[in-house]
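Asks:
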Amino acid sequence: MHHDDAAILLVHDGGRQVEGRWLWRGFEFALRAGERVALMGPSGSGKTLLLRALAGLDALDEGTLTLRGTPVERWAMPSYRSHVAYLPQRPVMIEGSVEDNLRLPFTLGAHAERRYDPTSVRATVGRLGRGETFLAQDALELSGGEQQLVALVRRLQLEPTALLLDEPSASLDDDSAAALEALVDDWRTGAPERAVVWTSHRSEQLDRVSDRLVRLEASA
Amino acid sequence: MNDLAYVPIELGQLLLAAALIAVNIALSFALRLGLARSLLVASVRMTAQLLLIGLVLAWVFALERPLPILAIALLMSGLAGVSAVQRTQRRFAGVYLDALVSVTGASFVVTGFALLGIVRVDPWFDAQYSIPLLGMVLGNVLNGISLALDRFTEGVTQQRGRIELLLSLGATRWEAAHALISDALRVGMIPTVNAMMVMGIVSLPGMMTGQILAGAAPADAVRYQIVIMFMIAAATALGAFGVVLLAYRRLFDPRHRLRSDRLQRVPRPQR
Chain R
440 MHHDDAAILL VHDGGRQVEG RWLWRGFEFA LRAGERVALM GPSGSGKTLL LRALAGLDAL
500 DEGTLTLRGT PVERWAMPSY RSHVAYLPQR PVMIEGSVED NLRLPFTLGA HAERRYDPTS
560 VRATVGRLGR GETFLAQDAL ELSGGEQQLV ALVRRLQLEP TALLLDEPSA SLDDDSAAAL
620 EALVDDWRTG APERAVVWTS HRSEQLDRVS DRLVRLEASA
Chain G
5 MNDLAYVPIE LGQLLLAAAL IAVNIALSFA LRLGLARSLL VASVRMTAQL LLIGLVLAWV
65 FALERPLPIL AIALLMSGLA GVSAVQRTQR RFAGVYLDAL VSVTGASFVV TGFALLGIVR
125 VDPWFDAQYS IPLLGMVLGN VLNGISLALD RFTEGVTQQR GRIELLLSLG ATRWEAAHAL
185 ISDALRVGMI PTVNAMMVMG IVSLPGMMTG QILAGAAPAD AVRYQIVIMF MIAAATALGA
245 FGVVLLAYRR LFDPRHRLRS DRLQRVPRPQ R
């Protein structure tokens, strides 16, 4: 039995099958406080499904998942997902401006205690080299890379404990990729427990942004 | 001359009316619509079904006990529930049950209220009133339910990204589905609202026309029509709300997960 008190997220004996075939099974994984993990595996090995399971969007077919020592079943999901942030490979924007998108999380009951902070958003957007006109732009008209940045800023406002990034730089040019890495670094240094999981097809980027490599092998 | 208030239609006259379908068939051939076959099938089905129901209704109206009438009412709403589902493009396990419960619940509650509270028929189950009223309500509820269900499941499929964005931001399943639910209800109600808008101006409703042809005073026929339209509106809203809510509970699980894996696309829904 894998026991790890420092783990933010812990998967024990995890398994996931699609159409009767096991993508991974008997999978052990611990994301410890402050860690930067690169998740690698051939395409079709179920990296996205693993991140989705960690985010509580899909159930595991086998095994257990715990967040800070509490099984996922005992968490209220809105609260669980506030701690564990998942950013899909293809970011989703709602209709409206960039700022409308950034305000979206604060319309939800789970974040009733939080307020949208225009000043800190402007500071963040400024660090990305963008200004007021960017916030007023139609979010659906942005490039894929810019949408990825907006999605990240939108999510980080909720100060998650774990961040799960699925191929975040697939649609980014080098400058935006650097901006994204800087955003993630800023967030991570905000509290010692914050930990991040990346999947990426660029191994030089994974080397740069991670301290540990986890391989997801397709099970036979 | 006969002593009826209307002119009965003899077999020869029916055949003459059937000749009207030749207009459609000629058009279909001229424009190569390829509809001739389905038109013929539909004509034969319509005629056979109606002649049959004429016989059945005569038998039903002679019934004076509530149980057989209730059995027939249940059969009718069962058929309505099944055909509501058969018009939808995407299905999930349990969809037939959900549709049956919604159709039956909505139309029985509203028709029951009309029989007991509004028209005050004596006895309340009198088949001459209960069966036609229920039939009219069912036809419309069926329509509303299939539209609402289709829109909801289509929305769940098309907007999967947006739904999961909301869920992963910490939305409850209700917060994530709310926009889809109200959209589905709006679509389910459109035919009823449209019909009410133009009723009496653009369209003379079938039931009212029927009563007038049968010799009822137009002022009375109009009142029946008003009652039936309110019944239809209420039952359609109830039925659509019920079926969308039940579908929501199947497609969004208690762990606030979207279960698009439970949805299956049907190659060709029946029309």
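Chains as they are written, first to last, in this note's numbering: chain R, 440 to 659; chain G, 5 to 275.
Glycine is no exception: its CB is placed at the ideal position from the N, C-alpha and C atoms.
1. Apply the 10 Å Cβ neighbour rule to R:M440 and answer buried if 16 or more other Cβ atoms are within range, or exposed otherwise.
2. Which two residues bound the contiguous alpha helix (DSSP H) that contains G:F96?
3. Please state if the CB of R:R594 and the CB of R:A524 are separated by a distance shorter than 8 Å.
4. At which residue ranges does the region 461-494 of chain R contain complete alpha helix (DSSP H) runs of 4 or more residues, listed in the order of the chain?
5. Going along the chain, which residues of its own chain have a beta-carbon closer than 8 Å to the beta-carbon of R:Q576, five neighbours each way excluded?
6. For the region 255-274 of chain G, which residues have a CB atom closer than 7 Å to at least one CB atom of chain R, in sequence order?
7. Does the Cβ-Cβ distance between R:A472 and R:A494 come in under 8 Å?
8. From G:L138 to G:L169, what does the alpha carbon distance come to, in whole angstroms?
9. Scan the region 205-275 of chain G and note each continuous beta strand (DSSP E) run of 3 residues or more that stays entirely inside, going in chain order.
10. Within its chain, find whatever has a CB closer than 7 Å to the CB of R:P631; leave out the 5 residues flanking it on each side and keep chain order.
11. Hey, does G:S87 have any beta-carbon neighbour from chain R nearer than 8 Å?
12. So, with DSSP's three-state summary, where would you put G:T161?
13. Going by DSSP, what residue range makes up the alpha helix (DSSP H) through G:R49?
14. Which residue marks the beginning of the beta strand (DSSP E) containing R:G422, and which one marks its end?
15. Shortest alpha-carbon distance to G:V123 belongs to which of G:D265, G:T240 and G:Y228?
16. Three or more beta-carbon pairs under 8 Å between the region 142-151 of chain G and the region 187-197 of chain G, yes or no?
17. For R:R651 and G:R263, what's the separation of their Cα atoms in angstroms?
18. Quick one: Cα of R:L499 to Cα of G:W178, how far?
19. Determine, using beta-carbon pairs with one atom in the region 153-170 of chain G and one in the region 525-534 of chain R, whether at least three such pairs fall under 8 Å.
20. Please classify G:P127: is it buried, with 16 or more other beta-carbons within 10 angstroms of its beta-carbon, or exposed?
21. Would you decide whether R:L496 is buried or exposed? Buried here means 16 or more other CB atoms lie within 10 Å of its CB.
22. Answer yes or no: do R:L541 and R:P607 have a C-beta to C-beta separation smaller than 8 Å?
23. Going along chain G in order, which residues have a C-beta closer than 8 Å to the C-beta of R:V531?
24. I want to see whether chain G comes within less than 8 Å of R:A578, judged by CB atoms only; does it?
Replies: A quick look at the data gives this:
1. Summary for R:M440: the model assigns pLDDT 44, below 50, so the residue's position carries little reliability, and this model does not support an answer.
2. Per DSSP, G:F96 belongs to no alpha helix (DSSP H); it is in the beta strand (DSSP E), R94 to F96.
3. yes
4. 486-493
5. S536 and V537
6. R259, H260 and R261
7. no
8. 43 Å
9. 267-269
10. Here the set comprises A472 and G473.
11. no
12. Secondary structure at G:T161: helix, using DSSP grouped into helix, strand and coil.
13. A40 to F65
14. Residue 422 of chain R lies beyond the residue range present for chain R, which begins at 440 and ends at 659; the question has no answer from this structure.
15. G:Y228
16. In short, these stretches touch, since the Cβ pair count reaches three.
17. Straight through space, the alpha carbons of G:R263 and R:R651 are spaced by roughly 33 Å.
18. The alpha-carbon separation between R:L499 and G:W178 amounts to approximately 23 Å.
19. Using a Cβ-Cβ distance cut-off of 8 Å, the region 153-170 of chain G and the region 525-534 of chain R are in contact, since at least three pairs of beta carbons, one from each stretch, lie closer than that value.
20. exposed
21. buried
22. no
23. G165, R166, E168 and L169
24. no
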